[in-house]
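Worksheet: the structure to be examined is printed underneath.
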Amino acid sequence: MSTLKGRNLISITDFSKEEYLEVLDIAEGFEKNPKQNILGDKVVATLFFEPSTRTRLSFESAANQLGARVIGFSDPGATSVQKGETLHDTITMVSSYSDLIVMRNPREGSARYASEVASVPVINAGDGANQHPTQCMLDLYSIRKTQGTLENLQIAMVGDLKYGRTVHSLVQAMCNFNATFHLVSPQELKLPSPVKMSIKDAGLKYYQYTDLKDVIATADIIYMTRVQRERFPDLMEYERVKDSCILTASMLKGCKDNMRILHPLPRVNEITTDVDRTPYAYYFQQAQNGVYVRQALMAAILGAK
Amino acid sequence: MENNKEMVVSAIENGTVIDHIPTEAVYQVIRILGLEHYKDEVLIGNYLDSLKLGKKGIVKIKNKHFSEGEVSKIALVAPFASIIDIEDYKVVRKFKAEIPDHIEDFVRCANPKCITNSEVVPTRFYVVDKENLKLRCHYCEKYTTKETLKFAE
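So this is what it looks like as structure tokens:
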């Protein structure tokens, strides 16, 4: 049985390298055989205090495919939260109704707090701009699946590297695997210093660019993110830089055969649709991998693997 | 010379002297220790000459000794302060206020979106840089620094 039984997953740093790899191995088994009735006696509560499409549906699909019953809400407007109930009281109550809580809440730190209040394990499905560890786990799964390894890869991160929480978590996680980072962003949206420091502290290298074209031939993985207009105080500046982080099919000439493009989705215009038809596009499979990884996490935490 | 200046604020028989407070932090020390409401003698001196600091503040509190938690609070705003316990006009203990590795409950998280600012949750911080005062919130993982430091009411 997994050492992850009964554990919480709140932040990507809660698990060791060996534990990530264990989850990825279990997820591989679910990819081969997704429907396994191993949680038939379990109730999973999905508490979504703010809207989410992919994350909630993939958690609920994962739980259902393992035979678990799912309770919860996707809109706190219809619950006692609307009447002013505290998170403390909601979590205490739901703990007594379920074996595992999956929670998304816009308040940062709410997941850590919920895990301290709950009598059952908690998986963080996003706490505001803070952490979204299951996204990071599915990114790792997608990287390993497409490259055959997580070790010694050239990882290009593109777009909003300042505010993108998925970028920060993935950098932290890939620091365990001797990656080299190629950071492409407008000047205004560069990776924050503490995250760059964590790369240095791990004894690894990073290079910074402002034009996506400069990394295409080098990268094993191009991890695209959305550059949002509202991040720019000066609209002129946005107009000037917005095209520097857009990927089109014609730019992919000269890339490595093994290179794959990832994106946490939703995409707007940063990957043009002609890229979808190239063998390098992997973002839709990446979203699908989220189900296997969430199955693996739930099965391991509930002691079924 | 420093000793002569200290005498500007008279000696106490029993209590605590907080010495070597940066001048700008004197009233903050008073506030965080709740000394505005203390019902005994509190002597405050500020802009006194100091060999170490150039100018310094000093606070003497009659019949009061501070807990470890209270000393941690002093350390956050006056990291070089000396705490001197006095009994019968004699120094019985003198030590430096030290910033602990963990801080619980009395500092507010600087992140307005942190759960500790919208629900009654006692704050918890890891001190990641004592020299430049940088605290990482146990909950939201964001940093509170000297510039954004606020104490819980």
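Taken in sequence, the protein lines are chains R and W. One point on numbering: in this note's numbering, the residue at position 192 of the first sequence is 339, and numbering is uninterrupted. One point on numbering: in this note's numbering, the residue at position 56 of the second sequence is 59, and numbering is uninterrupted. C-beta: ideal position from N, C-alpha, C; glycine also.
What separation, rounded to the nearest whole angstrom, lies between the Cα atoms of residue i and residue j?
| i | j | result |
| --- | --- | --- |
| residue 281 of chain R | residue 79 of chain W | 37 Å |
| residue 96 of chain W | residue 110 of chain W | 27 Å |
| residue 4 of chain W | residue 21 of chain W | Caution is warranted here: a pLDDT of 43 is assigned to residue 4 of chain W, below 50, making its placement in the model unreliable, and the coordinate value is therefore given only provisionally. Distance between the alpha carbons of residue 4 of chain W and residue 21 of chain W: 18 Å. |
| residue 271 of chain R | residue 401 of chain R | 39 Å |
| residue 87 of chain W | residue 94 of chain W | 7 Å |
| residue 427 of chain R | residue 307 of chain R | 21 Å |
| residue 147 of chain W | residue 137 of chain W | 6 Å |
| residue 15 of chain W | residue 61 of chain W | 13 Å |
| residue 411 of chain R | residue 107 of chain W | 36 Å |
| residue 434 of chain R | residue 231 of chain R | 34 Å |
| residue 101 of chain W | residue 32 of chain W | 14 Å |
| residue 381 of chain R | residue 387 of chain R | 10 Å |
| residue 329 of chain R | residue 397 of chain R | 21 Å |
| residue 195 of chain R | residue 221 of chain R | 5 Å |
| residue 199 of chain R | residue 250 of chain R | 11 Å |
| residue 405 of chain R | residue 452 of chain R | 32 Å |
| residue 450 of chain R | residue 185 of chain R | 10 Å |
| residue 447 of chain R | residue 173 of chain R | 8 Å |
| residue 277 of chain R | residue 255 of chain R | 6 Å |
| residue 236 of chain R | residue 161 of chain R | 25 Å |
| residue 208 of chain R | residue 344 of chain R | 38 Å |
| residue 261 of chain R | residue 89 of chain W | 46 Å |
| residue 123 of chain W | residue 294 of chain R | 46 Å |
| residue 150 of chain W | residue 118 of chain W | 21 Å |
| residue 17 of chain W | residue 67 of chain W | 8 Å |
| residue 267 of chain R | residue 241 of chain R | 9 Å |
On the three-state DSSP scale, how would you describe residue i?
| i | result |
| --- | --- |
| residue 414 of chain R | coil |
| residue 288 of chain R | helix |
| residue 120 of chain R | Within the shown structure, residues of chain R are numbered from 148 to 452, placing residue 120 of chain R beyond reach of any answer. |
| residue 406 of chain R | coil |
| residue 212 of chain R | helix |
| residue 14 of chain W | coil |
| residue 36 of chain W | coil |
| residue 49 of chain W | strand |
| residue 252 of chain R | strand |
| residue 279 of chain R | coil |
| residue 69 of chain W | coil |
| residue 269 of chain R | strand |
| residue 353 of chain R | strand |
| residue 43 of chain W | coil |
| residue 231 of chain R | coil |
| residue 83 of chain W | coil |
| residue 78 of chain W | helix |
| residue 148 of chain R | coil |
Exposed or buried, which one is residue i when buried takes at least 16 other CB atoms within 10 Å?
| i | result |
| --- | --- |
| residue 112 of chain R | Only positions 148 to 452 of chain R appear in the structure, and residue 112 of chain R is not among them; the question remains open. |
| residue 126 of chain W | buried |
| residue 153 of chain W | exposed |
| residue 155 of chain R | buried |
| residue 341 of chain R | exposed |
| residue 424 of chain R | exposed |
| residue 151 of chain R | buried |
| residue 439 of chain R | buried |
| residue 212 of chain R | buried |
| residue 9 of chain W | Reliability of the predicted coordinates at residue 9 of chain W is poor, the pLDDT of 47 falling under 50, and the value obtained from them is presented with this limitation in mind. The residue in question, residue 9 of chain W, is buried, as its Cβ has 16 or more Cβ neighbours within 10 Å. |
| residue 42 of chain W | exposed |
Roughly how far, in whole angstroms, is the beta-carbon of residue i from the beta-carbon of residue j, given that I think they are within contact range, below 8 Å?
| i | j | result |
| --- | --- | --- |
| residue 417 of chain R | residue 378 of chain R | With a Cβ gap of about 13 Å, residue 417 of chain R and residue 378 of chain R do not count as contacting. |
| residue 39 of chain W | residue 65 of chain W | That pair is no contact at about 15 Å. |
| residue 257 of chain R | residue 234 of chain R | 6 Å |
| residue 82 of chain W | residue 56 of chain W | With 8 Å as the limit, residue 82 of chain W and residue 56 of chain W do not qualify as a contact, their Cβ atoms being about 11 Å apart. |
| residue 299 of chain R | residue 323 of chain R | That belief does not hold up - the Cβ atoms of residue 299 of chain R and residue 323 of chain R are roughly 12 Å apart, past 8 Å. |
| residue 193 of chain R | residue 219 of chain R | 4 Å |
| residue 318 of chain R | residue 346 of chain R | 7 Å |
| residue 338 of chain R | residue 305 of chain R | Their Cβ separation, rounded to whole angstroms, is 11 Å, which puts residue 338 of chain R and residue 305 of chain R out of contact at 8 Å. |
| residue 130 of chain W | residue 104 of chain W | 6 Å |
| residue 190 of chain R | residue 227 of chain R | Their Cβ separation, rounded to whole angstroms, is 19 Å, which puts residue 190 of chain R and residue 227 of chain R out of contact at 8 Å. |
| residue 361 of chain R | residue 302 of chain R | Contact doesn't hold; Cβ gap of about 15 Å is too wide. |
| residue 238 of chain R | residue 264 of chain R | 5 Å |
Report whether the distance from the Cβ of residue i to the nearest heavy atom of the ligand GDP is below 7 Å.
| i | result |
| --- | --- |
| residue 313 of chain R | With respect to the ligand GDP, the structure offers nothing, as it holds no ligand at all. |
**OP:** Entirely within the region 310-336 of chain R and at least 4 residues each: give me those alpha helix (DSSP H) ranges in chain order.
**Re:** Given a length threshold of 4 residues, each whole run of the alpha helix (DSSP H) inside the region 310-336 of chain R is given here in chain order: 312-321.
**OP:** Note down, one range per segment and in chain order, each beta strand (DSSP E) of at least 3 residues found wholly within the region 97-134 of chain W.
**Re:** 105-107, 127-132
**OP:** Would you mind listing the alpha helix (DSSP H) stretches within the region 154-220 of chain R that are 4+ residues and don't spill past its ends, in chain order?
**Re:** Listed in chain order, the alpha helix (DSSP H) elements of length 4 or more contained wholly in the region 154-220 of chain R are 164-179, 201-212.
Original post:
What are the complete beta strand (DSSP E) segments, minimum 3 residues, inside the region 339-385 of chain R?
Top reply: As far as the region 339-385 of chain R is concerned, its whole beta strand (DSSP E) runs of at least 3 residues are 353-356, 368-371.
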